[in-house]
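Residue numbering for the sequence shown follows the UniProt record's numbering, beginning at 1 and increasing consecutively. Where is the CB? At the ideal position from N, CA and C, for every residue including glycine.
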Amino acid sequence: MSSDHIFQKFCHEATSTAIFGEIICQKLKEPIEQSVYKKTARDLASEMRTECPSLNGNRSNLEKHILETLAEEEDFDKYMDYIHNPRDHFKSFIRDEVSIYITDKFSVSVLPKMKENIELLQQKIMKAAHESTEHVQENRGDVGLWLKSFTQRLSDELIFSEKDLCGVKHDDIDVDFKILEDVIRKELSSITSNIHKTNISNKKMDFRFRPDELLIDHFCQCCWVHCPFCGATCTNAIENHHGDHSVAFHRVIGIKGSHCFLSQNFCVDICTNLVASDKDFLTLDGLFPCNEYRKAGGVYAKWSITPDCFELPYWKWFVCRFQKDLENHYKEKIVGKGEIPNQWKKLRKQDAIESLDKCF
Ligand SMILES: [Zn+2]
Ligand SMILES: [Zn+2]
Numbered sequence: 001m002s003s004d005h006i007f008q009k010f011c012h013e014a015t016s017t018a019i020f021g022e023i024i025c026q027k028l029k030e031p032i033e034q035s036v037y038k039k040t041a042r043d044l045a046s047e048m049r050t051e052c053p054s055l056n057g058n059r060s061n062l063e064k065h066i067l068e069t070l071a072e073e074e075d076f077d078k079y080m081d082y083i084h085n086p087r088d089h090f091k092s093f094i095r096d097e098v099s100i101y102i103t104d105k106f107s108v109s110v111l112p113k114m115k116e117n118i119e120l121l122q123q124k125i126m127k128a129a130h131e132s133t134e135h136v137q138e139n140r141g142d143v144g145l146w147l148k149s150f151t152q153r154l155s156d157e158l159i160f161s162e163k164d165l166c167g168v169k170h171d172d173i174d175v176d177f178k179i180l181e182d183v184i185r186k187e188l189s190s191i192t193s194n195i196h197k198t199n200i201s202n203k204k205m206d207f208r209f210r211p212d213e214l215l216i217d218h219f220c221q222c223c224w225v226h227c228p229f230c231g232a233t234c235t236n237a238i239e240n241h242h243g244d245h246s247v248a249f250h251r252v253i254g255i256k257g258s259h260c261f262l263s264q265n266f267c268v269d270i271c272t273n274l275v276a277s278d279k280d281f282l283t284l285d286g287l288f289p290c291n292e293y294r295k296a297g298g299v300y301a302k303w304s305i306t307p308d309c310f311e312l313p314y315w316k317w318f319v320c321r322f323q324k325d326l327e328n329h330y331k332e333k334i335v336g337k338g339e340i341p342n343q344w345k346k347l348r349k350q351d352a353i354e355s356l357d358k359c360f
């Protein structure tokens, strides 16, 4: 005999209002938990979007914080992850920020929010029960009508279908609706205080209901096309947008592994000065002048790179700081044409980080 059958038989035989009320609350236990966790995740996501410095702006602001963190940690592998898998890097950065926030603010923000959502939901369920009782009394209805009304009134609040409660056989139950409301109130407090206890003892949120995905959706549904020269990501907030791709700050081209033309040397050019130069670049379709890069067609034709003499000091510091790592990673030497200009070597980490503050 399946548990549902036992359950139906049990209900069929049940004559007491108390048992009927307990059964309803057992059926609501999981939907209540899910609703509380989901609402709390939404509340936390919106709180983080105002309180958390990395998440309280647009994607460029987030990227600035990612670059700052990378510079502070000075971990070359993390840089390579950011450069070669930017979308995954953004996602894991957001997950880390959420973890830190939840741990830091667990008792001052997460728990109070959960408590508030639990209380609100309890009130709504009790209101639905009370209104259903009134509805039954006005219409001289029976338990069946009460269940139908109760289910409908909660359908916006809880994720459960009428089917969940349909299994509650109630033909021969004699229900005292006043007592039923008291039973439900009592059962609800025990369900909700259990949620509360579980969270206090876990000291963290269930991963399935954390705000990570909401924030990732917010920040990562955008254009991720890379500059064909330096690999910087287009900053347009719309995926598959019309018009050209563009980015405010291009990088030192060698960072993503591109060589100088006709050499195995690291390329120290930055796109914005490259497109103003008389240099050439090579694609599978042949040789093209950099100052007419769009002629190369394909992704080159879809990028707007305007000549500019401003260069973000950040990437210059990065090349100097990680010269050996870059040479090992790309199996090339940073010499000859690709030699690092002496000016770059004077930049300190602090200069790199400050240049982000000025530019982003
Ligand atoms: Zn570029
Ligand atoms: Zn784009």
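> Skipping 5 residues on each side, what residues in its chain have a beta carbon closer than 7 Å to that of LYS38?
Replying inline: What you label residue 38 is simply residue 38 of the sequence shown in a count that begins at 1. Closer than 7 Å at the Cβ level, and outside the excluded window around LYS38, lie PHE209.
> Should LEU215 and ALA45 be called a contact, given that it needs their Cβ atoms to be closer than 8 Å?
Replying inline: For the purposes of this step, residue 215 is taken as the residue at position 215 of the sequence shown. For the purposes of this step, residue 45 is taken as the residue at position 45 of the sequence shown. A contact, by the Cβ cut-off of 8 Å.
> Just how far apart, CA to CA, sit ASP351 and VAL319?
Replying inline: Looking up residue 351 in the sequence shown gives position 351. Looking up residue 319 in the sequence shown gives position 319. Going from the Cα of ASP351 to the Cα of VAL319 covers about 14 Å.
> Is there at least one non-hydrogen atom of ligand 2 closer than 7 Å to the beta-carbon of HIS242?
Replying inline: As a first step, residue 242 must be located in the sequence shown, where it is residue number 242. False, no ligand heavy atom lies under 7 Å from that Cβ.
> Can you tell me where the beta strand (DSSP E) with residue 368 in it begins and where it stops?
Replying inline: A query on residue 368 cannot be resolved here, the shown segment of the chain reaching from 1 to 360 and no further.
> Near PHE150, which residues of its chain fall below 7 Å by C-beta distance, leaving aside the five closest residues on each side in sequence?
Replying inline: On the sequence shown, position 150 is the one that residue 150 refers to. Here the set comprises ALA128, ALA129 and SER132.
> In three-state terms, what does DSSP make of HIS65?
Replying inline: For the purposes of this step, residue 65 is identified with residue 65 of the sequence shown, where counting begins at 1. The answer is helix: DSSP assigns HIS65 an H, G or I state.
> Which residues share a DSSP beta bridge with ASP269?
Replying inline: On the sequence shown, position 269 is the one that residue 269 refers to. DSSP lists no partner for ASP269.
> Do you know offhand how far VAL98's Cα is from HIS196's?
Replying inline: Start at 1 with the first residue of the sequence shown, and residue 98 comes out as number 98. Start at 1 with the first residue of the sequence shown, and residue 196 comes out as number 196. Each residue's Cα considered, the two are about 21 Å apart.
> For PHE160 versus PRO31, is the C-beta distance shorter than 8 Å?
Replying inline: In the sequence shown, the residue the question calls residue 160 occupies position 160. In the sequence shown, the residue the question calls residue 31 occupies position 31. Their beta carbons are under 8 Å apart, which means PHE160 touches PRO31 by this criterion.
>> In whole angstroms, give me the CA-to-CA distance for ALA139 and LEU145.
In response: Within the sequence shown, numbered from 1, the residue matching residue 139 stands at position 139. Within the sequence shown, numbered from 1, the residue matching residue 145 stands at position 145. Strictly speaking, residue 139 in this sequence is Asn, with Ala absent from that position. Answer to the nearest angstrom: the Cα atoms are 9 Å apart.
>> Residues around ligand 2, please: the condition is that the C-beta lies closer than 5 Å to some non-hydrogen atom of it.
In response: CYS223, VAL225, CYS234, ASN236 and HIS245
>> At the level of alpha carbons, what is the spacing between ALA296 and TRP224?
In response: To locate residue 296, count along the sequence shown from 1; it is residue 296. To locate residue 224, count along the sequence shown from 1; it is residue 224. Using only the alpha carbons, I get a separation of about 21 Å.
> Applying the criterion that 16 or more other CB atoms from any shown protein chain within 10 Å of the CB defines a buried residue, is ILE100 buried or exposed?
Replying inline: Position 100 of the sequence shown, counting from 1, holds the residue named residue 100. Exposed.
>> Bridge partners for TRP315 per DSSP, in chain order?
In response: Mapped onto the sequence shown, residue 315 falls at position 315. DSSP output for TRP315 lists no bridge partner at all.
> Cβ of ALA232 versus every heavy atom of ligand 4: is any distance shorter than 7 Å?
Replying inline: Ligand 4 is absent from the structure shown, which contains only ligand 1 and ligand 2.
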